[in-house]
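Going by the working numbering, the sequence shown opens with residue 14, and the numbers climb by one from there.
Here a beta-carbon is modelled for each residue, glycine too, at the ideal position from N, C-alpha and C.
For reference, the structure is listed below as structure tokens.
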Amino acid sequence: MNRADLIVGAQWGDEGKGKIVDMMAQSYDVVCRYQGGHNAGHTIVVDGRKYALHLIPSGVLNPKAVNIIGNGVVVAPNALIEEMKQFKNMEKRLFISDKAHMVLDFHSAIDLAKEKLRGKNAIGTTGMGIGPAYASKIERVGFRLGEIRNIPKLVDSVMEYFRVNRVIFKALDIKHASKEELTAEFEEYAKELLPFLTNTTALLWKYIDEGKNILLEGAQGALLDIDHGTYPFVTSSNTVAAGACTGLGLSPKDIGKVTGIVKAYCTRVGNGPFPTEDFGEEGKLLRANGYEFGTTTGRPRRCGWFDALACQYAARINGCDELALMKLDVLDGFKKIKICIAYEKDGKRYTTLPENLDDIKPIYEELDGWESVKGVREFDKLPKNAKAYIKKIEESAKTKVGIISTGAERMDTIIL
Ligand code: GDP
Ligand code: IMO
Ligand code: MG
């Protein structure tokens, strides 16, 4: 039976999923996004040129691949239209589910206003309106892309939403669009996006039956999952493997190989627990060497050491067959490299991820560093200490490493 392979983030996002999907897409026919929205930021570097993708699957740089945005994604039409301008001839290369919900301007206004009111208790969202758009969907008052086929009806239902929520809009001091403004906005969206809308589930089933090679691209990471992440400091979708089924209309039996993407260290952007965060000079060095600034918001990412407990958890919940270990070169030049192999709290030692990570203390093992792995493309050419570090990750995270990345370029990759 033909199955779809899956790429998932196995930390707190920004692991380097975009690079791996782009690289793998060269040998896949179809690449699909299934959750999240333009909160995602995937940077791809090809021949020195940088591409920033938010909604379009990272397979877009392979001209032969078809790209699908599934029903589980929340789509900001204006952001998507802008992103599409980077690429020519998208027709027949991009298909968008007509069941995908729209992120409208007021969703992002609500997101920003509520974050501001939360003050020091803010989640640290990207401010893109992702939470409010998924909230509308779950409340069953959302707006699907397919509804732009009947603009008068869609405008009426958005106006009805405004009427029912008028007290909230007033309290948050948000001025929503008028009927005329909404009509003009949706006419623009219809002009640009209608040719791309379709029943992507039926299309994907057809591709599976035809024996096409299919790659599914997760956004964010396991620890940001709405159910299984560090709630409430999470995003609003199921980022774990199971989300690929609901977000595309696939069954668990349709999923083939699962690859978890991890950095050789950890980062997190936004608030919430991050046990291995390094507040000192080494954390700063990781940020500088790894250029750890958000693709979507430009915020500096919090940096720290590889967390084997978090990785083990992510590997189990996603069913990872293997890991892709990214950004190994960022650790070049460190004399000692730490890896968290246990936690401690109130005199108790944990060797698996506890539910509550508040005030947990990481227990590290220290390994000797190496001079440089930058751009190394063969396993045998890696320094001895880098090999020892990879082995330690495999043992402590209980998952084998199948891909090693030593630079942002497609070719700076070792496949084992
Ligand atoms: P994603 O959200 O998981 O797709 O990851 P991002 O694109 O947000 O962040 C990963 C960043 O690391 C991007 O800027 C990539 O170009 C870069 N990158 C990916 N792999 C490597 C690597 O092995 N080494 C270095 N130095 N940079 C990498
Ligand atoms: P990629 O796909 C890293 C984080 C935000 C915030 C939390 C909730 O590039 O890995 P949201 O706007 O989703 O409501 O914010 O989730 N977050 C990400 N962090 N990478 C991402 O995507 C993220 N998308 C959301 O910083 O902490
Ligand atoms: Mg990112």
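I'd like to know whether the C-beta atoms of residue 328 and residue 23 end up nearer to each other than 8 Å.
The residue you call residue 328 lines up with position 315 of the sequence shown. The residue you call residue 23 lines up with position 10 of the sequence shown. Yes, they are a contact pair.
Contact under 8 Å by Cβ, residue 416 with residue 428:
Numbered from its first residue, the sequence shown carries residue 416 at position 403. Numbered from its first residue, the sequence shown carries residue 428 at position 415. Yes, the Cβ-Cβ distance between residue 416 and residue 428 is below 8 Å.
For residue 41, which residues from the same chain have a beta carbon less than 7 Å from its beta carbon, with the 5 sequence-adjacent residues on both sides left out?
Along the sequence shown, read from residue 1 onward, the residue named residue 41 stands at position 28. So the list reads 72, 78, 226, 227 and 228, once near-sequence residues are dropped.
Where residue 151 and residue 171 are concerned, what is the direct C-alpha to C-alpha distance, given to the nearest angstrom?
Position 138 of the sequence shown, counting from 1, holds the residue named residue 151. Position 158 of the sequence shown, counting from 1, holds the residue named residue 171. Cα to Cα, the separation comes out at about 16 Å.
Since residue 58 sits in a beta bridge, which residues does DSSP pair it with?
Taking the first residue of the sequence shown as position 1, residue 58 is located at position 45. 63 and 422.
Candidates 289, 76 and 50: which alpha carbon is nearest residue 66's?
Here residue 66 refers to the residue found at position 53 when the sequence shown is read from its first residue. Residue 50 is the option with its Cα nearest to residue 66.
Could you please give the first and the last residue of the uninterrupted beta strand (DSSP E) stretch that includes residue 387?
Residue 387 sits at position 374 when you count from the first residue of the sequence shown. Per DSSP, residue 387 belongs to no beta strand (DSSP E) and is neither H nor E.
Beta carbon of residue 353, beta carbon of residue 330: below 8 Å?
Counting from one through the sequence shown, the residue named residue 353 turns up at place 340. Counting from one through the sequence shown, the residue named residue 330 turns up at place 317. Contact flag unset, no.
Quick one: using the 10 Å Cβ neighbour count with 16 as the cut-off for buried, is residue 149 buried or exposed?
Position 136 of the sequence shown, counted from the first residue, corresponds to residue 149. Answer is buried; the Cβ neighbour count reaches 16.
Nearest-angstrom Cα distance between residue 423 and residue 36?
Counted from its first residue, the sequence shown places residue 423 at position 410. Counted from its first residue, the sequence shown places residue 36 at position 23. Using only the alpha carbons, I get a separation of about 6 Å.
For residue 45, list the residues DSSP reports as bridge partners.
Numbered from 1 along the sequence shown, position 32 holds the residue referred to as residue 45. 81 and 229.
Based on Cα-Cα distance, which residue from 122, 156 and 131 lies nearest to residue 2?
This structure cannot speak to residue 2, because the chain is shown only from 14 to 429.
Is residue 292 helix, strand or coil by DSSP?
Position 279 of the sequence shown, counting from 1, holds the residue named residue 292. If DSSP states are grouped into helix, strand and coil, residue 292 belongs with coil.
I want to check one thing, is the minimum distance from the CB of residue 136 to the heavy atoms of the ligand IMO below 7 Å?
As a working note, residue 136 is residue 123 in the sequence shown. Within the cutoff, so yes.
Can you give the beta carbon distance from residue 366 to residue 323, rounded, assuming they're within the 8 Å contact cut?
Position 353 of the sequence shown, counted from the first residue, corresponds to residue 366. Position 310 of the sequence shown, counted from the first residue, corresponds to residue 323. Their Cβ separation, rounded to whole angstroms, is 6 Å, which keeps residue 366 and residue 323 in contact under 8 Å.
Tell me whether residue 227, by its Cβ, gets closer than 7 Å to a heavy atom of the ligand IMO.
To locate residue 227, count along the sequence shown from 1; it is residue 214. No, the ligand IMO has no heavy atom inside 7 Å of this Cβ.
Locate the beta strand (DSSP E) running through residue 272, then write down its first and last residues.
Numbered from 1 along the sequence shown, position 259 holds the residue referred to as residue 272. Residues 268-276.
Contact check, residue 60 vs residue 282 under 8 Å by CB: the rounded distance?
Counting from one through the sequence shown, the residue named residue 60 turns up at place 47. Counting from one through the sequence shown, the residue named residue 282 turns up at place 269. That belief does not hold up - the Cβ atoms of residue 60 and residue 282 are roughly 28 Å apart, past 8 Å.
Among 125, 21 and 359, whose alpha-carbon lies nearest the alpha-carbon of residue 445?
Here the chain covers residues 14 to 429 and nothing more, so residue 445 does not appear.
What whole-angstrom Cβ distance do residue 317 and residue 278 have, given they're in contact under 8 Å?
Locating residue 317 in the sequence shown gives position 304, counting from the first residue. Locating residue 278 in the sequence shown gives position 265, counting from the first residue. That pair is a contact at about 7 Å.
Taking the alpha helix (DSSP H) that residue 234 belongs to, which residues open and close that run?
Locating residue 234 in the sequence shown gives position 221, where the first residue counts as 1. No alpha helix (DSSP H) contains residue 234, which DSSP labels as neither H nor E.
DSSP three-state call for residue 120: helix, strand or coil?
In the sequence shown, residue 120 corresponds to position 107, counting from 1. Residue 120: helix per DSSP, three-state reduction.
Beta-carbon proximity check, residue 263 vs residue 255, cutoff 8 Å
For the purposes of this step, residue 263 is identified with residue 250 of the sequence shown, where counting begins at 1. For the purposes of this step, residue 255 is identified with residue 242 of the sequence shown, where counting begins at 1. For residue 263 and residue 255, no; Cβs fall outside 8 Å.
Based on DSSP bridge pairs, tell me the residues matched to residue 8.
With the chain covering 14 to 429 only, the question about residue 8 has no answer from this structure.
Using alpha carbons as the reference points, say which of 284, 101 and 119 lies closest to residue 236.
Taking the first residue of the sequence shown as 1, we reach residue 236 at position 223. Among 284, 101 and 119, the Cα nearest to that of residue 236 is on 284.
Have a look at 185, 115 and 29 and flag the residue whose alpha-carbon is nearest the alpha-carbon of residue 131.
Residue numbering aside, residue 131 sits at position 118 when the sequence shown is read from its first letter. Out of 185, 115 and 29, 185 has the C-alpha closest to the C-alpha of residue 131.
Using a threshold of 7 Å, is the CB atom of residue 141 nearer than that to any non-hydrogen atom of the ligand IMO?
Taking the sequence shown and counting its residues from 1, one reaches residue 141 at position 128. Yes, since a heavy atom of the ligand IMO falls inside the 7 Å radius drawn around the Cβ of residue 141.
Does the beta-carbon distance from residue 341 to residue 419 come in below 8 Å?
Taking the sequence shown and counting its residues from 1, the one referred to as residue 341 is at position 328. Taking the sequence shown and counting its residues from 1, the one referred to as residue 419 is at position 406. Contact flag set, yes.
Is it buried or exposed, residue 321, if we count other Cβ atoms within 10 angstroms and call 16 or more buried?
Here residue 321 corresponds to residue number 308 of the sequence shown, with the count starting at 1. By the neighbour-count rule (16 or more Cβ atoms within 10 Å), residue 321 is buried.
Looking at chain D, is there any beta carbon in it that lies within less than 8 Å of the beta carbon of residue 190?
Here chain D cannot be found, since the structure has a single protein chain.
Could you tell me the distance, in whole angstroms, from the CA atom of residue 391 to the CA atom of residue 32?
Within the sequence shown, residue 391 is the residue found at index 378, counting from 1. Within the sequence shown, residue 32 is the residue found at index 19, counting from 1. Taking the straight line from one Cα to the other gives about 18 Å.
Could you give the residue range of the beta strand (DSSP E) that holds residue 317?
Translated into positions along the sequence shown, residue 317 becomes position 304. Element bounds for residue 317: 315-317.
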